[in-house]
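Residue numbers (our numbering), protein chains in the order written: chain A, 1 to 637; chain B, 1 to 239; chain C, 1 to 412.
Even glycine gets a Cβ: it sits at the ideal position worked out from N, Cα and C.
These notes concern the structure reproduced below.
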Amino acid sequence: MSLDAFLFQALNGLGAASGLFLVAAGLSLIFGVTRIVNMAHGSFYMLGAYLAWTFATGLGGAFGWWGGILLAAAGVAALGVLVELTLLRRIYKAPELFQLLATFALLLVINDATLWLWGPEDLLAPRAPGLDGAVDILGRKFPSYDLFLIAVGPLVLSAAHLTLTRTRFGRLVRAATQDREMVGALGVNQSLLFTAVFAAGAFLAGLGGALQIAREPAALSMDLGVLADAFVVVVVGGMGSIPGAWLAAVLIAEVKALCIGLGVVHVGDVAINASRFTLVAEFLVMAVVLIVRPYGLLGRAPAIVRAVAEAETPLRPASPWLRAAGAVVLVALALLPLLASSPYTLVLGVDVLIAVLFAASLQFIMGPGGLHSFGHAAYFGLGAYAAALAVAKLGAPMGVALVLAPVASGLGAVLFGWFCVRLSGVYLAMLTLAFAQIVWSVVYQWEELTGGSNGVFGIWPAPPFDSRAGFYWLVLALVTAGVLFLRMVMHAPFGYALRACRDSPLRAEAVGIDVRRVQWAAFAIAGTVCGVAGGLFAFAKGSISPETISIGRSIDGLVMVLLGGIGSPTGPLLGASLYTLLQDSVARWTDYWRALLGAIVLVLVLVFPGGLSGIAARVRDLVRGPLRGLLPRRGAP
Amino acid sequence: MSMLEVKTLEAWYGAAQVLFGLDLTVGPGEVLALMGRNGAGKSTTLKAVMGLVERRGSVRFLGREVSRLAPFRIARLGLGFVPEDRRIFSDLTVMENLDIGRQPPRSFPDGRPAPAWTPEKLFALFPNLAGMRDRRGGATSGGEQQMLTLARTLMGNPLMVLLDEPSEGVAPVIVEEMARTIVALKREGISVVLSEQNIHFAALVADRAVVLEKGEVRWRGSMATLLADAEAQRAFLAV
Amino acid sequence: MTVVRRPIGAFVGAAFAAAVLISGAFSLARPTPAVAQEPIKIGELNSYKAIPAFLDPYRKGWQLALEEINAEGGVLGRKLEVISRDDGGNPGDAVRTADELVAREGVSVLAGTFLSHVGLAVTEYAGKRKVFFLAAEPLTDKITWQNGNRYTYRLRPSTYMQVAMLMPAAIAAKKQRWAIVYPNYEYGQSAASWFKEMLKKAQPDVEFVGEQAPPLGKIDAGAVVQAIADTKPDAIFNVLFGPDLAKLVREGETRGAFENRTVVSLLGGEPEYLDPLGKEAPAGWIVNGYPWKKISTPEHTAFLNAYQKRWNDHPRLGSIVGYNTMKSLAAGIEKAGSTDPEKLADAFAGLEVKGPFGTYHYRASDHQSTMGAYVGTVALDGDDPTMADFHYVDGATVLPSDDEVKKMRPAE
């Protein structure tokens, strides 16, 4: 690559960075103040593009185009207000991360609503009036619109910076980012502040999406496409730091532009296509940044973050009631092959059970461990691939494959966990995501070994487990053992130590607990158990693909755990069962099944803020005191 | 009429009940000391009045029931809260911290205007802060933070201040300054409830005392009586 | 108080889970369907939510065919009934969905899928469970070659065929320096490597000067276009489609990257990907696709009229695939005289089917249909993009010989 080409690619990178910056700045703002991991942020971005397309083609002309950009952003901001007022406001007091579930449901609903409103076809808007050409730079043509975008980034950055430092609203935002409760105790209406912040964040996302219509068509894949990138930028930059977000957006866009610019590189006899690395570039950057700077480029170690949510209730060993109930369920499940008249019940049962083990291992690390993992699919995938490759490449019998699965995932968890436990909070969560994406991309790219995007085939259970009932019983046995093992660990001294580390790392250190080592071990345990689920999955399906390690699967795990209730070991069993059964059913009920699934989750979120396992407490509240039962739950009494 | 009237107040931290039916009254311009050992429920009482913990029972401020109001609404009625752990906004400058607390001026129930604080008046009250207007809150000393927290609350022009452990963990010179300030506030007609373990500090400023143990009131009376009652002190306060 | 909270919650939860599973078990129980005169059930699964732009027209296509078939009395004197499902867009859910269609709905055959990895997973399932499966759209060569099995046939031309169709035009362009851009997954990789292999064979002195593999759906088009232009190619082979293609075209035109260069674009003439470009469609690109407006064969005219009448919209390539899928199944079942998978697998070997593109057949050797595609150049008809100078390429003419493919397929 010549120097000219290099500089020119750097310019391209700057152009690409702006859109990313806008959407990430909005996300950072929202997370900073409300602590909401807003999964619907990508939807705001996508809606910005669709609305801008509508204005650009509907109103037409320069006003329709440029005015439409602002109108679209304003429209998205209005939607943000609506969402905050009608949904999020009701669940701020729910346990940590619970809001993620609500915004995930929104993402599903908004995507289907967009399909319904705008149709399935990609919508390419006209070029930007006045900026539809190119200018000559370094003997090459550079789109004038990209020059405009390059300017927009720093402009919005300055505007945001001025707002945050020079206005009372900005000072309130910064104060609330640090200590929301104190801001409220000083007479500031937090609700209003949250609404305003949510609107501002949505505006920025909408603006980011709207500005893209000069470069790309509005498409239904935009929401998820931008979401992970935006989170990466926020975390690399440092949570809550808008200049950090800009720096991170530029860094990531430049690394990608460099990979693309390098093209095919010859190292000795080996030709490496560097452009393929754009697949994982941002996650590699994030992993490196977080390992070197645990709070991002411009982030600071958070002062004590004050959670509004209640403290975790202590875990109790299972009561006789629970044990009896568990035994009844287990017997019923064991008899299922004899009761069910359709073999499909067993197929679905296997999927439910595998999901249960996946979710239970995630809950172990998130609930008692307090270590939020956004990349749990890594261990599921490692287990699945270890089992599949053992069969497909080594010709190993099923028993060996099912042993190798947890070994591989456990080793992965040991490796990744070592880095992860050095971080905390959302930084830790994002590092787990980065590792999952790195595993995913290795599997995806290593065509010769893993079959690349298509995957590995021909992994079927061996006799006597090759019948539906036989395999079901095997899965039931292993899943039950896994769940009971996790439960046992939670109630062993190790479990006490783990919860002590979660509740007060300092005091745990003071009584002689090696906090990092305990958390590291918890990672290894969760990863190992999760690998069993992955191995079973491979045999249940006969084939696997990189989808087993995808972000989508990690999100599914989070949804199951949160739906069930993050604090209770019974939660994931409920959440995973319900979510899998729902997924299986809604697709049969309507074409717009994603919206329906989202709507059901929304209703559950509003009725059971705290997850399904809180259902009994809720019922009791309603019985005991009508008034208290109607209040948003803040925990006991 | 009393400024604050608390009846059968109960409060919880998560699952654990901390207060068990507390009654309190505070009159205009009165300084009440909430006393008791660590864990007796002093801080929780203040937080429960402010609405910062799960609570049940009646809290009337200026004759108005506030036990179901959000903390910011209570603050806007003129009830100021100064937390024990200071909780200043460390990323914001001293001036910015003060600005967060700003509220419009207000009057006492009898129509008298309550003191309207400005940063300049507060700098006169706390001269140490005057020299560090643009310093980040996080870069100030513990004593300075203690003063900043109180100053920030005063920016809301409260009619009554809830002061949580003002003498805890600060240098004697700061303790003296806090005492002087409380007396000054009282002179302006502002009521104060302070939670305090240090009977010497309380003796300097308080008119009356209420002694808590395990979330219940065990003793109440004038400060002078408490000072004279060696047995009560030994039973409820001695460590 | 909380002392009792969790256990009760857990108990209710456990009971709930049990209730769900057990009630599920019973409600799933259905009486065995009577055989005579019951409709023939076809299980159809596809990634409707993941790829709506292609699969919406596809669904309209098979629905039209289904209505036509049933209006003429059905097959073997029985109506056809399609039970259609979303496969979730991933192999895991797709295999479960296939199982559901077979085990619960009792379908006789499976059809559908779009994404290669999903298609392959269902292929694997069909082979293992001995269920007949007509893969409608996935392009990967492995479905009919490396991972092929007795029970799986495929309708749409494979990646290999699509590339081979364009090859004569690529060779005729007589360009020395080629750059290639393809989405970074199996379809793109395989198309790029076939292209290189075939072109190198015909033109040994060809040079491949640049290769860009952006992630699917996430191209940084400006940087990619620039990197391609910087390698100073004489010609470009593009495999991108969908939003990636629209981004590439717009950036490329703004930056003049396509000026004086031959561009060969795989599937670039399919209305699904051409229509969104509108008047910015890159005139002159050599593409394969479906110029629906300009095909005047009687078979196609009849189809076009019926489709427009039924849906008040024009067909896309997905419509053709959907339509042919259903017609193929009807023809296959008719020929087999049964829905028995063994008989169907035998009947599909050499089965001839008439469709809007003319007659095609399913090869006995590799189970690939010989349905072809139209090759031509992108042109503008007013503001509407279409194709010009096109001709139909029969799939049979671009497939390797029976002997060659037999070597690639696993022994049965």
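To the nearest angstrom, how far is the alpha carbon of residue i from that of residue j?
| i | j | result |
| --- | --- | --- |
| residue 312 of chain C | residue 219 of chain A | 23 Å |
| residue 374 of chain A | residue 394 of chain A | 32 Å |
| residue 433 of chain A | residue 561 of chain A | 17 Å |
| residue 603 of chain A | residue 174 of chain A | 33 Å |
| residue 269 of chain A | residue 386 of chain C | 44 Å |
| residue 227 of chain B | residue 33 of chain B | 12 Å |
| residue 118 of chain B | residue 144 of chain A | 51 Å |
| residue 406 of chain A | residue 372 of chain C | 47 Å |
| residue 110 of chain B | residue 203 of chain A | 47 Å |
| residue 21 of chain C | residue 333 of chain A | The pLDDT assigned to residue 21 of chain C is 48, lower than 50, so where the model puts this residue is not dependable; a value taken from the coordinates is nonetheless given after this. Rounded to whole angstroms, residue 21 of chain C to residue 333 of chain A spans 8 Å at the Cα level. |
| residue 317 of chain C | residue 478 of chain A | 47 Å |
| residue 639 of chain A | residue 186 of chain A | Nothing about residue 639 of chain A can be reported from this structure: the residues present for chain A run from 1 to 637 only. |
| residue 167 of chain C | residue 193 of chain C | 13 Å |
| residue 81 of chain A | residue 345 of chain C | 58 Å |
| residue 305 of chain A | residue 426 of chain A | Here residue 305 of chain A scores only 47 on pLDDT, less than 50, and its place in the model should not be relied on; the value that follows carries that caveat. Rounded to whole angstroms, residue 305 of chain A to residue 426 of chain A spans 12 Å at the Cα level. |
On the CB-based measure, 16 or more other CB atoms within 10 Å of its CB, does residue i come out buried or exposed?
| i | result |
| --- | --- |
| residue 265 of chain A | exposed |
| residue 317 of chain A | exposed |
| residue 143 of chain C | buried |
| residue 172 of chain B | exposed |
| residue 251 of chain C | buried |
| residue 201 of chain B | buried |
| residue 297 of chain C | exposed |
| residue 368 of chain C | buried |
| residue 379 of chain C | buried |
| residue 179 of chain A | buried |
| residue 488 of chain A | exposed |
| residue 411 of chain C | exposed |
| residue 86 of chain A | exposed |
Does the beta carbon of residue i come closer than 8 Å to any beta carbon on chain A?
| i | result |
| --- | --- |
| residue 212 of chain C | yes |
| residue 197 of chain B | no |
| residue 287 of chain C | no |
| residue 156 of chain B | yes |
| residue 242 of chain B | Outside the displayed span of chain B (1 to 239) sits residue 242 of chain B, for which this structure offers no information. |
| residue 90 of chain C | yes |
| residue 103 of chain B | yes |
| residue 56 of chain C | yes |
| residue 75 of chain B | yes |
| residue 367 of chain C | no |
For residue i and chain B, any beta-carbon pair shorter than 8 Å?
| i | result |
| --- | --- |
| residue 171 of chain A | yes |
| residue 91 of chain A | no |
| residue 32 of chain A | no |
| residue 182 of chain A | yes |
| residue 174 of chain A | yes |
| residue 187 of chain A | yes |
Between residue i and the ligand GDP, is there a pair consisting of the residue's CB and a ligand heavy atom that are separated by less than 7 Å?
| i | result |
| --- | --- |
| residue 268 of chain A | Inclusion of the ligand GDP in the displayed structure is not the case, the ligand content being empty and no account of it being possible. |
Exercise for the section: Take every Cβ of the segment 35-42 of chain B, pair it with every Cβ of the segment 184-198 of chain B, and state whether three or more of those distances are shorter than 8 Å. Expected result: yes
Practice task
Please go through the segment 165-202 of chain B and give each complete beta strand (DSSP E) segment of 3 or more residues, from N-terminal end onward.
Solution key: 191-196
Exercise for the section: Would you list, in sequence order, the uninterrupted alpha helix (DSSP H) runs of no fewer than 4 residues that lie entirely inside the segment 136-170 of chain B? Expected result: 142-154
Practice task
Pair every Cβ in the segment 194-205 of chain C with every Cβ in the segment 214-234 of chain C, then say whether three or more of these pairs are closer than 8 Å.
Solution key: no
Practice task
Could you say if the segment 89-104 of chain B and the segment 154-170 of chain B meet the contact criterion of at least three C-beta pairs nearer than 8 Å?
Solution key: yes
Exercise for the section: Scan the segment 306-386 of chain A and note each continuous alpha helix (DSSP H) run of 4 residues or more that stays entirely inside, going in chain order. Expected result: The alpha helix (DSSP H) runs of length 4 or more contained entirely in the segment 306-386 of chain A are, from start to end of the chain, 320-339 and 343-366.
Practice task
Mind listing, in chain order, the continuous alpha helix (DSSP H) runs of no fewer than 4 residues lying wholly within the segment 85-115 of chain A?
Solution key: none
Practice task
Could you tell me whether the segment 60-73 of chain A touches the segment 128-136 of chain A, using the rule of 3 or more Cβ pairs below 8 Å?
Solution key: yes
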